[in-house]
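Participant: If you read the sequences in order, they're chains A and B. Each residue of the first sequence is one higher than the one before, starting from 1 at the first, in my numbering. Each residue of the second sequence is one higher than the one before, starting from 183 at the first, in my numbering.
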Amino acid sequence: MELTRRDAIIAAFAGGGVTAFATFGQTEGLLQSRNETTELGDAEMRTLVATAEVIYPSAISGIETFVENYISALPPSQQGLVASVTDELRSHTRNVRGRDFPNLSIGERNSVLRTMGVDRVGSDAYGTLPERVRYYVVNQLLYGVYTSPTGSRLVGIQNPVGHPGGYESYQNHPENPQSDAD
Amino acid sequence: MQTDRTPSENPDVCVVGSGVAGALVAYSLARRNHDVVLLEAGRRFDLAERGRQLEEALRPSRDINDIWDMGGERDQFTSSGDIYYGLNNTRVKAVGGTTLHWLGITPRFHEKDFEMNTRYGLASDWPISYEDLRPYYAEAEEELGVAGSSDNPFAPPRETGFPMPAFPPSYSDSLFADACDDLGITMHSVPQARNSETYDDRSQCVGFSICIPVCPSGAKYSADVHIRKAEEHGARVIDRAPVQRLDHDSRGERVEAAMYATPDGARHRQTADRFVLACGAVETPRLLLLSTSDTYPDGLANSSGVVGNYFMDHPIVSVTAELDQPTNQEPIGFHTRESHQFYDHDDPTPGSIKLVFDNHNPANPAEMAMRGGDSGVRGDLTDVLTGDSWGDAVLEKMRGATPNRTVRLFASPEVLPRQGNTVELDRSKTDNHGNPVPDITFSVGSHGRETMAHCREIQRDILDELGATVVSESSLENPRVASHKMGTTRMGVDPDTSVVTPELRSHDLENLFIASSSVFVTGGAMNPTLTIAALALKLADYIHSDT
C-alpha cells in the first residue's frame with residue numbers, strides 16, 4: 001500500500017504536530033538540560049527513513065516521502081528530540097559497524113537495532129539509549145504509520161484509533177466498509 | 183501562564199474546584215454580574231496540548247495518570263474497603279476536572295431514584311424530586327451539548343428534544359438488535375455530551391476513537407468550556423492553588439476564608455461573601471474534615487457526623503464473548519446503544535440496571551505495533567528474552583488478531599448508600615502539603631450484589647440468544663468501578679442526618695454551599711454528571727436569588 005503525504009500530515013497533526021504542538025512541555029526540558037538538542041537535517045532524516053525500512057511492513061511503499069513529511073510536520077521541539085536520539089543511533093552505529101546507519105543493508109540495520117537491545121526494552125523517553133531509540137525513533141515511526149489509514153488498512157481497519165477519520169466508519173458492515181475514512 | 187495567584191479582593195463568591203459543578207456555578211453567576219473567584223488545585227491544560235496527550239495515551243510506555251499529571255505526592259490516597267478503590271484512575275485535578283477524561287454519557291436520573299424510601303423502603307428519599315430538577319436537566323443538556331433522541335421509552339418525562347441528534351448505532355448494535363428483539367429487550371440511543379454536529383463553537387466528533395483519557399478535537403464536552411465562558415464574563419480562575427482548609431468566624435456561623443497554597447510556597451487567604459465547594463465526593467469531605475477548629479473539632483459542616491459517610495460508586499458488570507463472524511472492525515471510543523428496560527422495577531431488589539451494548543474492538547494498530555505485536559503487558563514480559571517483532575513479522579501477528587469477532591456487554595447496577603462506605607482522613611500518610619490523605623472504604627452490600635447478579639443473568643441471556651461464546655466475565659466479587667463517586671456530604675432536611683439542605687447550603691454555616699455528586703442521597707444506576715450539572719445550575723439560581 002502506498003503511503004501518501006496526507007497520511008503523514010494527518011498522523012503528525014493528530015499526534016500533536018504543526019501548530020497543535022505549541023507546548024511539548026515535559027519532555028522538552030529533558031535533552032535541553034543535557035545540551036543535546038539537534039536540528040533535523042539530511043543525515044538524521046536519512047537515518048529515520050533507513051529505520052522505517054526495517055520496521056515497516058514490506059507491503060508499504062512510499063516510505064521515504066512519508067517519513068520526511070511526517071517528521072517534518074512534527075513540532076520543532078519534538079523534532080529536536082527525535083533528531084538528537086537519531087544522532088546517538090548514528091554514533092553508536094559508526095562505533096560498532098564503522099559505517100553510517102543508512103549505508104548498511106536492511107539486514108545489517110535490523111541487526112544493529114536488535115544487538116543494541118531496542119527490541120527487548122520498553123520505550124522510555126528518559127531511559128538508556130536503546131530505550132530512547134525505541135521511544136523517539138522506532139515507536140515514533142510506528143505511531144505515524146499505524147495511525148494513518150494506509151498503515152491500518154493492512155489489518156483491515158479504515159479509521160484507526162488516533163486518526164480523525166469521522167464517526168461514520170464504526171457503523172459499517174465489516175465486509176463492506178463503504179466509508180473511505182481518510 | 184498564570185503568575186498572579188494572590189487572592190481577589192472581596193469577591194461575592196469563592197468556588198473551590200473547577201470540574202463541571204464548579205465551572206457551571208462560576209459561569210452561571212459570573213454572567214449575571216457576580217464577582218467570582220475560583221480556586222483549582224491542578225494546573226491549566228491548553229487545548230494545544232491535546233495532540234501530545236493523544237500520542238502519550240497511545241504509546242505503550244504511558245501510565246494513564248501521566249496524561250493529566252495525576253499521581254505523585256499531591257494525590258496520594260489509601261484504600262481500606264473490601265474492594266480496592268484506585269482513586270487516581272477515577273479523577274483529574276486540573277482546570278476542567280474529571281470531565282477532561284470522562285466518557286461523556288449523560289442520562290437523567292429517573293423519578294424513582296429520588297424516592298427510594300417511599301417506593302421501596304430502601305435508603306432515604308432525596309429532599310427534592312425529579313420535577314424540581316427537571317428544568318435544570320434541560321438547561322444542563324443545553325450547556326453541555328447533549329446528543330440524543332426520544333427513542334427511549336423508559337426515559338423520564340422531558341419537555342423538549344435534545345440539542346443534537348443521537349449518534350447512529352454501530353454494526354455490533356445491529357447484531358445485538360436481533361437477539362434483543364427475540365428476548366423482548368428494547369435497545370435505544372444513548373444521550374451523551376459529545377457533538378454529533380458542530381455545537382457551541384466546538385467541532386463535531388471527528389472519530390479519533392479515544393474519548394478516554396483525552397478527546398483531541400474538543401467534540402466531547404469538558405468543563406474547561408465553561409471555565410473559559412466564566413472568564414469571559416469576568417470570573418477569575420487561580421490554578422495550582424489547592425485549598426488547605428476553610429476558616430470560620432468567631433461564632434462558627436460563616437466561613438470567612440479559604441486558605442490555599444501556591445507553587446511558590448506561599449499561603450494565601452481568600453475571603454468571600456459565599457463559598458461553594460465543588461471538589462467532588464472525595465476532596466469535598468476531605469477539605470471539611472481537614473478544617474477542624476475548637477468550635478468544630480470533627481470538621482466543618484459536620485455537626486451531623488456524617489461528612490464522609492455514604493460513599494457510593496457503580497461496580498461494573500461486564501461480559502466479553504466471541505462470535506463466529508466478524509463484528510466491529512472500526513473503533514469509535516464510545517457506545518451507541520443501551521437499554522434502560524431494567525431500570526424502573528416493582529420489587530425493591532434487585533435494583534436498577536443500566537445495560538450497555540459496547541462497541542468493542544480490541545485491535546488498535548498503533549498500540550499493537552509499538553508493543554511489537556503483543557496484545558498487552560503479558561506479552562511485553564517475554565520481550566526481554568525473545569525480542570519484539572517489527573516489519574512483516576509484527577504485521578502477521580496483528581493480522582492474527584483481526585478480524586475482530588468479539589462483542590461486549592457491560593452494565594452498571596444500583597448500589598445503596600452504606601454508612602460504612604466512607605472517605606476519611608488517613609493520618610498515617612500525608613500529601614505534599616503535610617495534610618492527611620483520603621482513605622476510601624468501599625464495599626457492595628446485599629442489594630448491590632443481587633443487582634449485579636441480575637445484570638449477569640441478563641447479559642448471559644442476550645449472549646446465549648446471540649449464539650456467542652463467553653470468553654471472559656468481570657469479577658462479581660472484586661469489581662472495577664465506573665468512577666462515579668457519589669455521597670459523602672448528602673443533602674436532607676434533617677441536620678442530624680445530612681450535611682446540606684435541599685438548597686445545598688450547609689446546615690451549620692450559612693454561607694457555605696456544596697455543588698457536587700457528594701450531595702447525592704442515593705446513586706441510582708445512571709452516570710451522575712448530568713445530575714451534578716443540573717444541581718450546580720440550580721444552586722447558582724438559588725445564590726443569585728438570595729443576594
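Just so you know, even glycine gets a beta-carbon here, dropped at the ideal spot from N, CA and C. Remember, predicted model here, so these are calculated numbers, not experimental data.
Taking the alpha carbon of PRO618 of chain B as the point to measure from, which residue in B:LEU471, B:HIS517 and B:MET708 has its own alpha carbon closest?
Facilitator: If we check each option's Cα against that of PRO618 of chain B, B:LEU471 comes out closest.
Participant: Report the partner residues of VAL195 of chain B according to the DSSP bridge assignment.
Facilitator: B:VAL218 and B:ARG456
Participant: With a threshold of 8 Å between beta carbons, is ILE392 of chain B in contact with chain A?
Facilitator: yes
Participant: Between GLY554 of chain B and the rest of its own chain, which residues show a CB-CB distance below 7 Å, the 5 nearest in sequence each way excluded?
Facilitator: ASP565, ASP570, SER571, TRP572 and VAL576
Participant: Compute the distance between the beta-carbons of CYS637 of chain B and ALA454 of chain B, then report whether it is under 8 Å.
Facilitator: no
Participant: Less than 8 Å between CB atoms is the rule here; does SER76 of chain A satisfy it with respect to chain B?
Facilitator: The displayed chain sequence assigns Pro, not Ser, to residue 76 of chain A. No, PRO76 of chain A lies away from the interface with chain B (no Cβ there is under 8 Å from its Cβ).
Participant: Is GLY107 of chain A close to chain B? Criterion is C-beta to C-beta, closer than 8 Å.
Facilitator: No, GLY107 of chain A lies away from the interface with chain B (no Cβ there is under 8 Å from its Cβ).
Participant: Three or more C-beta pairs under 8 Å: does that hold for the stretch 203-220 of chain B against the stretch 240-258 of chain B?
Facilitator: Taking a cut-off of 8 Å on C-beta distances, the stretch 203-220 of chain B does not touch the stretch 240-258 of chain B, as fewer than three cross pairs fall below it.
Participant: Decide if the stretch 401-418 of chain B is in contact with the stretch 342-359 of chain B; the criterion is three or more beta carbon pairs, one per stretch, under 8 Å apart.
Facilitator: no
Participant: What is the rounded straight-line gap between the Cα of PRO160 of chain A and the Cα of ALA551 of chain B?
Facilitator: 12 Å
Participant: Using a Cβ-Cβ cutoff of less than 6 Å, which residues in the same chain neighbour GLY434 of chain B once the five nearest sequence positions on both sides are dropped?
Facilitator: THR477
Participant: Is it right to say ASP556 of chain B is buried, meaning 16 or more other beta carbons lie within 10 angstroms of its own, or is it exposed?
Facilitator: buried
Participant: Between PHE493 of chain B and ASN660 of chain B, is the Cβ-Cβ spacing less than 8 Å?
Facilitator: Using a Cβ distance threshold of 8 Å, PHE493 of chain B and ASN660 of chain B do not count as a contacting pair.
Participant: Along chain A, in chain order, which residues have C-beta atoms closer than 7 Å to that of SER311 of chain B?
Facilitator: Going along chain A, no residue has its Cβ under 7 Å from SER311 of chain B, so there is no contact; the nearest lies around 36 Å.
Participant: For LEU129 of chain A and VAL85 of chain A, what's the separation of their Cα atoms in angstroms?
Facilitator: Rounded to the nearest angstrom, the two C-alpha atoms are 8 Å apart.
Participant: Closer than 7 Å to a non-hydrogen atom of the ligand MN - does that hold for the CB of TYR170 of chain A?
Facilitator: The ligand MN is not part of this structure, which contains no ligands at all.
Participant: In angstroms with no decimal places, state the Cα-to-Cα distance between THR23 of chain A and VAL682 of chain B.
Facilitator: Legend: pLDDT at THR23 of chain A = 30, less than 50; position of this residue unreliable, value from coordinates given subsequently. Cα to Cα, THR23 of chain A sits roughly 42 Å from VAL682 of chain B.
Participant: Is PRO544 of chain B closer than 8 Å to MET634 of chain B when the C-beta atoms are compared?
Facilitator: no
Participant: Do HIS522 of chain B and ASN334 of chain B come within 8 Å of each other at the CB atom, strictly closer than that value?
Facilitator: yes
Participant: Scan the stretch 348-363 of chain B for residues whose Cβ lies nearer than 8 Å to a Cβ of chain A and list them as they occur along the chain.
Facilitator: Cβ contacts with chain A: PHE349, PRO350, PRO351, SER352 and TYR353.
Participant: Counting only the same chain and skipping the five closest in sequence on each side, list residues whose C-beta sits under 6 Å from that of GLY62 of chain A.
Facilitator: GLU2 and LEU3
Participant: Grab the span of the alpha helix (DSSP H) containing ASP643 of chain B for me, first residue to last.
Facilitator: 628-648
Participant: Between which two residues does the beta strand (DSSP E) holding ILE420 of chain B run?
Facilitator: 418-420
Participant: On a Cα-Cα basis, can you pick out the residue from A:VAL54, A:PRO57 and A:LEU48 that is closest to ASN69 of chain A?
Facilitator: When each option's Cα is compared against that of ASN69 of chain A, the closest is A:LEU48.
Participant: From B:GLU549, B:ASP526 and B:PHE516, pick the residue whose C-alpha is nearest to that of PHE756 of chain B; which is it?
Facilitator: Given that chain B is displayed from residue 183 to residue 729, the structure contains no residue 756 of chain B and the question cannot be resolved.
Participant: Which residue marks the beginning of the alpha helix (DSSP H) containing PHE66 of chain A, and which one marks its end?
Facilitator: 63-73
Participant: Can you confirm whether ASP570 of chain B, when its beta carbon is compared against all beta carbons of chain A, has any partner nearer than 8 Å?
Facilitator: Interface with chain A (8 Å Cβ-Cβ cutoff): ASP570 of chain B is included.
Participant: At what residues does the beta strand (DSSP E) containing VAL653 of chain B begin and finish?
Facilitator: 651-655
Participant: So for LEU607 of chain B, helix, strand or coil by DSSP?
Facilitator: strand
Participant: Counting pairs of Cβ atoms below 8 Å between the stretch 163-174 of chain A and the stretch 424-431 of chain B, do you hit three or more?
Facilitator: Flag = no, the stretch 163-174 of chain A and the stretch 424-431 of chain B do not touch.
Participant: Over the uninterrupted alpha helix (DSSP H) stretch that includes HIS726 of chain B, give me the two end residues.
Facilitator: 711-727
Participant: Does any residue of chain B bring its CB to less than 8 Å from the CB of THR128 of chain A?
Facilitator: no
Participant: Where do the ends of the alpha helix (DSSP H) carrying THR502 of chain B lie?
Facilitator: Under the DSSP assignment, THR502 of chain B falls outside any alpha helix (DSSP H), being part of the beta strand (DSSP E) whose first and last residues are 499-504.
Participant: Just the Cα atoms here: how many angstroms apart are GLU293 of chain B and ASP314 of chain B?
Facilitator: 10 Å
Participant: Pairing CB atoms from the stretch 586-599 of chain B with CB atoms from the stretch 624-633 of chain B, are three or more of them under 8 Å?
Facilitator: yes
Participant: Tell me which same chain residues have a C-beta within less than 6 Å of the C-beta of ARG34 of chain A, skipping the five on either side of it?
Facilitator: For ARG34 of chain A, the predicted model reports a pLDDT of 43, less than 50, meaning its position is unreliable; a value from the coordinates is still stated below. Around ARG34 of chain A: no qualifying Cβ.
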